[in-house]
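Novice: Protein chains in written order, with our numbering: chain A, 1 to 234; chain B, 1 to 124; chain C, 1 to 381.
Dropping the structure in here first, questions after.
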Amino acid sequence: MKITRKAFLALLAAATRAFGRPRPRRMAMAIDLAKCWKDRGCTRCAQACHAAHNVPRIPDPRREIKWIWKERFENAFGEESAGPAVAGAPVPLLCNHCEHPPCVKVCPTGATWKRESDGLVMMDEHRCIGCRYCMAACPYGSRSFNWSDPRPFLRAIDPAYPTRARGVVEKCTFCSERLARGAQPACVEVCPPKAMVFGDAADPSSAVAQLLRARYSFRRKPGLGAGPNVFYLL
Amino acid sequence: MSERAIIAASLALFLAGASFPFWRNAAGPPRPLDLRLPQGHRECVAPIAYMRTSHGDLLEDWRDRVVRSGQHVFTAPDGSVREMSLVRTCLDCHEKAGFCDRCHQYVAVAPDCWSCHVDPRSPR
Amino acid sequence: MTILAKAIRGSPAYRWWMAALAAAIVSGVVLWVRQWNQGLVLTGMSRDVAWGLYVGQFTFFVGVAASAVTVVLPYYLHAWKAFHRVVILGELLAIASIVVSLLFIVVDMGRPDRLLNVLLYPSPSSLMFWDMLALTGYLALNAMLARAALAAEIDGAPPAAWTRAIMLISIPWAVSIHTVTAFLYAGLAGRPFWLTAVMAPRFLASAFAAGPALLILLCRAFRYDAGEEALRKLRLVMTCAMTANVFLALMEVFTVFYSGIPEHAAHYSPWTWLSGGFAAVALAMALGRSRYAPAAVFASLLIDKGVVLIPAGFIPSPAGAMTPYIPTAVELGIVLAIWSVGALLVTVLFRIAIAAREAEAGGRAARPELTFPRRITMDKV
Numbered sequence: 001m002k003i004t005r006k007a008f009l010a011l012l013a014a015a016t017r018a019f020g021r022p023r024p025r026r027m028a029m030a031i032d033l034a035k036c037w038k039d040r041g042c043t044r045c046a047q048a049c050h051a052a053h054n055v056p057r058i059p060d061p062r063r064e065i066k067w068i069w070k071e072r073f074e075n076a077f078g079e080e081s082a083g084p085a086v087a088g089a090p091v092p093l094l095c096n097h098c099e100h101p102p103c104v105k106v107c108p109t110g111a112t113w114k115r116e117s118d119g120l121v122m123m124d125e126h127r128c129i130g131c132r133y134c135m136a137a138c139p140y141g142s143r144s145f146n147w148s149d150p151r152p153f154l155r156a157i158d159p160a161y162p163t164r165a166r167g168v169v170e171k172c173t174f175c176s177e178r179l180a181r182g183a184q185p186a187c188v189e190v191c192p193p194k195a196m197v198f199g200d201a202a203d204p205s206s207a208v209a210q211l212l213r214a215r216y217s218f219r220r221k222p223g224l225g226a227g228p229n230v231f232y233l234l
Numbered sequence: 001m002s003e004r005a006i007i008a009a010s011l012a013l014f015l016a017g018a019s020f021p022f023w024r025n026a027a028g029p030p031r032p033l034d035l036r037l038p039q040g041h042r043e044c045v046a047p048i049a050y051m052r053t054s055h056g057d058l059l060e061d062w063r064d065r066v067v068r069s070g071q072h073v074f075t076a077p078d079g080s081v082r083e084m085s086l087v088r089t090c091l092d093c094h095e096k097a098g099f100c101d102r103c104h105q106y107v108a109v110a111p112d113c114w115s116c117h118v119d120p121r122s123p124r
Numbered sequence: 001m002t003i004l005a006k007a008i009r010g011s012p013a014y015r016w017w018m019a020a021l022a023a024a025i026v027s028g029v030v031l032w033v034r035q036w037n038q039g040l041v042l043t044g045m046s047r048d049v050a051w052g053l054y055v056g057q058f059t060f061f062v063g064v065a066a067s068a069v070t071v072v073l074p075y076y077l078h079a080w081k082a083f084h085r086v087v088i089l090g091e092l093l094a095i096a097s098i099v100v101s102l103l104f105i106v107v108d109m110g111r112p113d114r115l116l117n118v119l120l121y122p123s124p125s126s127l128m129f130w131d132m133l134a135l136t137g138y139l140a141l142n143a144m145l146a147r148a149a150l151a152a153e154i155d156g157a158p159p160a161a162w163t164r165a166i167m168l169i170s171i172p173w174a175v176s177i178h179t180v181t182a183f184l185y186a187g188l189a190g191r192p193f194w195l196t197a198v199m200a201p202r203f204l205a206s207a208f209a210a211g212p213a214l215l216i217l218l219c220r221a222f223r224y225d226a227g228e229e230a231l232r233k234l235r236l237v238m239t240c241a242m243t244a245n246v247f248l249a250l251m252e253v254f255t256v257f258y259s260g261i262p263e264h265a266a267h268y269s270p271w272t273w274l275s276g277g278f279a280a281v282a283l284a285m286a287l288g289r290s291r292y293a294p295a296a297v298f299a300s301l302l303i304d305k306g307v308v309l310i311p312a313g314f315i316p317s318p319a320g321a322m323t324p325y326i327p328t329a330v331e332l333g334i335v336l337a338i339w340s341v342g343a344l345l346v347t348v349l350f351r352i353a354i355a356a357r358e359a360e361a362g363g364r365a366a367r368p369e370l371t372f373p374r375r376i377t378m379d380k381v
């Protein structure tokens with residue numbers, strides 16, 4: 001049976017697309033709380049993240065915008081979860097980039113979606129209509145809304161990254177722009193005790209995969225089935 | 001005044017107002033468009049004629065590629081590999097105030113880009 | 001008098017009413033323009049309580065719109081001839097309610113200029129996408145139906161045969177719009193106050209109580225004689241539906257408090273208990289056939305579903321924060337304006353329908369039933 005050269009190349013391309021794709025990554029983060037608690041007042045991760053991404057500093061706590069922040073252990077994991085050793089200890093919280101993100105499920109415009117290549121839950125502020133359904137759906141309270149124009153609340157704007165405008169939702173992006181350059185997320189890089197480990201959990205040789213195999217870890221609200229990819233180690 | 005007179009006068013006024021753009025432009029050329037062109041660069045990332053008509057489409061295409069498909073680079077006509085970025089590529093050569101804003105004001109369009117994307121020459 | 005003139009001319013009281021509605025609407029537009037320019041910071045919502053009065057009122061009025069089925073279904077499918085004087089009013093109320101609920105969505109959005117994105121980028125996994133389709137479809141159905149019925153009344157002829165197909169579709173569609181709206185909340189694993197199977201049944205029950213209650217009140221307000229039997233049946237539907245609603249609410253209370261899960265019980269604030277108590281009082285009044293029962297039922301459900309339900313789902317937050325939600329003056333002004341739009345639509349549409357009916361009744365008092373599509377019945381007319 002004769003096949004034209006053009007058709008053969010097309011067949012080869014299709015096969016490569018189907019079988020030759022690099023295995024998708026599953027980006028995850030492991031936070032060693034024991035290291036983090038060496039300095040309980042430290043907020044370097046939040047400072048670095050918010051500076052790098054032009055996150056505004058809004059004084060009214062009801063309208064604050066935060067991509068990564070610290071909560072008391074009981075608030076992060078539930079009132080009934082904290083024994084005396086951890087009660088009141090501050091835990092860094094951020095978007096968990098879940099395996100089955102409820103926010104992605106409910107978004108009516110596809111303004112947030114889970115990237116296939118590495119599992120990041122992405123945010124397209126161009127498409128967001130500001131309905132805040134994703135905020136209602138997120139079981140972790142990871143998302144913030146721009147209740148007003150954020151620019152007046154930005155002391156310094158880093159031109160390398162856009163700001164957002166009023167009326168759209170934003171959240172931690174696992175620093176997708178830094179991952180594209182092969183760098184680590186800003187919070188991970190800046191953490192003084194190196195408490196945060198980030199990488200491809202689907203790659204058994206990665207640091208985060210090794211850490212999660214070696215140590216006991218737990219996540220926020222695992223029973224809800226969202227499959228969070230931020231793990232906490234004690 | 002009689003009804004007819006009022007109607008005629010109002011009609012005349014309306015037609016004069018509605019046809020204003022035509023006879024204003026016939027009376028003389030509009031004010032000149034004075035754009036500050038980038039120094040030393042003769043080629044844009046696409047042919048100038050295309051950019052004049054369709055740079056909005058190009059930027060939307062870049063936006064979708066970068067944000068939604070994760071592609072960051074493209075090959076310019078002169079063979080160089082450039083980043084698909086409004087701020088880092090376009091504004092590397094062009095000045096927002098002297099180039100982009102002037103033409104936009106001239107043709108009375110207000111693109112929404114600048115509420116988020118930051119002009120590196122004036123970050124505030 | 002032309003129909004449009006009928007809508008504009010009337011007694012001084014009527015003109016004051018229309019002027020008041022217009023004033024409320026204009027100030028609402030002004031407030032909304034301010035909200036559009038400055039952002040939703042002008043409302044009482046917060047990072048923890050992301051939805052408030054707007055979404056609550058949207059929910060409530062979708063229910064009122066769905067309740068048209070309580071008069072359409074018995075009349076057309078079961079030949080409850082007693083409803084022949086209220087069916088058209090039920091359909092017109094549905095139109096006004098859908099418009100009101102869609103307006104509440106538009107004012108709640110951070111970027112209403114991007115509204116079309118919901119249709120340009122369909123997301124079948126999102127209930128909000130389906131809700132948008134369901135609501136606009138229902139509006140179209142009822143608009144077609146009501147227009148055909150009104151035109152038929154004015155002409156004194158039976159409506160076209162195709163309206164029966166539309167009417168039959170509108171019955172399950174009415175149930176579906178409120179079920180989809182309930183699904184918006186009932187599918188969220190992270191919001192235990194809403195994560196309950198009784199959400200959709202409760203929504204339907206409270207809708208089928210609030211709608212007939214409002215119809216009764218409107219008939220009184222317009223001094224329109226719907227007929228003693230129709231009013232009795234409307235009260236019956238209202239009372240039965242309210243009973244079901246309160247019963248289901250009590251079932252939820254049992255589940256939450258007997259199981260004793262602290263996170264679930266924490267959503268029951270004094271406001272929740274107050275509005276539940278008001279609903280129980282309204283039910284008692286309905287069972288006792290009080291003259292004020294329809295007003296009490298409507299008001300209690302407006303509060304329970306339209307004010308308390310939504311913020312209660314957000315308080316406490318996933319991190320346990322009890323962030324209070326207090327609507328601002330801007331928010332209340334916009335809510336009032338949208339209510340006024342609904343009131344305006346109801347006023348104009350009802351006046352047209354009632355005028356057409358009275359004109360028609362003058363000519364053909366003997367056979368008013370013939371003005372509606374023939375319905376499936378084994379009895380002789």
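Note that the Cβ used here is the ideal one computed from N, Cα and C, for glycine as well.
Just so you know, these numbers come straight off a predicted model, no measurement behind them.
Under three-state DSSP, which class holds B/L33?
Specialist: coil
Novice: Check whether the Cβ atoms of A/N75 and C/A265 lie closer than 9 angstroms to each other.
Specialist: no
Novice: Suppose contacts are defined by Cβ-Cβ distances below 9 angstroms. Is A/V197 in contact with A/I31 by that definition?
Specialist: yes
Novice: Pairing CB atoms from the segment 155-166 of chain A with CB atoms from the segment 58-73 of chain C, are three or more of them under 8 angstroms?
Specialist: no
Novice: Which residues bound the beta strand (DSSP E) around C/F203?
Specialist: The continuous stretches of beta strand (DSSP E) do not include C/F203, which lies in the alpha helix (DSSP H) extending over residues 199-221.
Novice: Shorter than 9 angstroms from the beta carbon of B/S115 to some beta carbon of chain A?
Specialist: yes
Novice: Assuming C/A189 and A/P102 form a contact by the criterion Cβ under 8 angstroms, report the distance between their Cβ atoms to the nearest whole angstrom.
Specialist: 6 angstroms
Novice: Give a yes or no on whether the minimum CB-CB distance between A/W67 and chain B is below 9 angstroms.
Specialist: Put simply, the CB of A/W67 is far from chain B, with every gap to its CB atoms at 9 angstroms or more.
Novice: Using a Cβ-Cβ cut-off of less than 7 angstroms, list which residues of the segment 36-47 of chain C approach chain A; keep chain order.
Specialist: Q38, G39, L40, V41, S46, R47
Novice: How is A/V55 classed by DSSP in three states: helix, strand or coil?
Specialist: coil
Novice: Rounded to whole angstroms, what is the Cα-Cα separation between C/A151 and C/F222?
Specialist: 21 angstroms
Novice: Residues of the segment 159-177 of chain A with a CB closer than 7 angstroms to any CB of chain B: list them in chain order, please.
Specialist: P159, P162, T163, R164, A165
Novice: Can you tell me whether C/V341 sits near the ligand ADP, meaning its C-beta is under 8 angstroms from at least one heavy atom of the ligand?
Specialist: Ligands are entirely absent from the displayed structure, and the ligand ADP is therefore not among its contents.
Novice: Short check: CB of C/T239 to CB of C/G63, under 9 angstroms?
Specialist: Judged by their CB atoms, C/T239 and C/G63 are not nearer to each other than the 9 angstroms cut-off.
Novice: Leaving out five residues before and five after B/C113 in sequence, what residues of the same chain have Cβ atoms less than 8 angstroms from its Cβ?
Specialist: Cβ within range, chain order: L59, L86.
Novice: How about B/V107: is its C-beta nearer than 9 angstroms to some C-beta of chain A?
Specialist: Under the Cβ distance rule, B/V107 does not count among the residues neighbouring chain A, no pair being separated by less than 9 angstroms.
Novice: Is it the case that the Cβ atoms of A/C128 and C/R114 are separated by a distance below 9 angstroms?
Specialist: yes
Novice: Which residues in chain C have a C-beta closer than 8 angstroms to the C-beta of A/F145? List them in chain order.
Specialist: Here the neighbours are L40, R47, A50, G110.
Novice: Look up A/M29 in the DSSP assignment and give the residues it is bridged to.
Specialist: A/F198, A/V230
Novice: Shorter than 9 angstroms from the beta carbon of B/H55 to some beta carbon of chain A?
Specialist: no
Novice: Relative to the C-alpha of C/L301, which residue among C/P311, C/V118, C/A280 is closest?
Specialist: C/A280
Novice: When DSSP labels each residue in this structure, what does A/W147 get in the three-state scheme?
Specialist: A/W147 falls in the coil class under three-state DSSP.
Novice: Have a look at C/E369 and C/P324 and give me their C-alpha separation to the nearest angstrom.
Specialist: In this predicted model, C/E369 has a pLDDT of only 40, less than 50, meaning its place in the structure is not dependable; the value taken from the coordinates is given anyway. Cα to Cα, the separation comes out at about 53 angstroms.
Novice: Could you tell me whether the Cβ of A/V106 comes closer than 9 angstroms to any Cβ of chain C?
Specialist: True, the Cβ-Cβ gap to chain C drops below 9 angstroms.
Novice: Determine the extent of the beta strand (DSSP E) in which C/F193 is found, giving its start and end residues.
Specialist: Premise fails: C/F193 is in no beta strand (DSSP E) and is neither H nor E.
Novice: A/R135 versus chain C: which residues are under 7 angstroms apart at the beta carbon?
Specialist: What sits at residue 135 of chain A in the sequence shown is Met, not Arg. Within chain C, the residues near A/M135 are A50.
Novice: Which residues, in chain order, does the segment 250-269 of chain C contribute to contact with chain A at a C-beta distance below 8 angstroms?
Specialist: P262, E263
Novice: Do you know whose CA, among A/S205, A/V169, A/A202, A/P192, lies nearest A/Q47's CA?
Specialist: A/P192
Novice: Indicate the three-state DSSP secondary structure (helix, strand or coil) for A/V190 in the structure shown.
Specialist: helix
Novice: Between the segment 178-200 of chain C and chain F, which residues of the former have a C-beta closer than 7 angstroms to a C-beta of the latter?
Specialist: Note that chain F does not occur in the displayed structure, where the protein chains are A, B and C.
Novice: Give a yes or no on whether the minimum CB-CB distance between B/P123 and chain A is below 9 angstroms.
Specialist: Residue-level contact by beta carbon holds for B/P123 and chain A, with a gap shorter than 9 angstroms.
Novice: Roughly how many angstroms separate the alpha carbons of C/F117 and A/K171, rounded to a whole number?
Specialist: Here the sequence assigns Asn to residue 117 of chain C, which means Phe is not the residue at that position. In a straight line, the C-alpha of C/N117 is about 20 angstroms away from that of A/K171.
Novice: 9 angstroms is my cut-off, CB to CB: does B/D101 come that close to chain A?
Specialist: Chain A, which has no Cβ nearer than 9 angstroms to the Cβ of B/D101, makes this no.
Novice: If you count every other CB in all the chains shown that lies within 10 Å of the CB of A/A87, and 16 or more means buried, which is it?
Specialist: By the Cβ-count criterion, A/A87 is exposed, with fewer than 16 other Cβ atoms from all chains shown falling within 10 Å of its own Cβ.
Novice: Mind checking if C/R34 is an interface residue toward chain A, Cβ cutoff 9 angstroms exclusive?
Specialist: The beta-carbon of C/R34 is placed no less than 9 angstroms from the nearest beta-carbon of chain A.
Novice: Is the segment 162-170 of chain C touching the segment 207-219 of chain C, taking contact as three or more C-beta pairs under 8 angstroms?
Specialist: no
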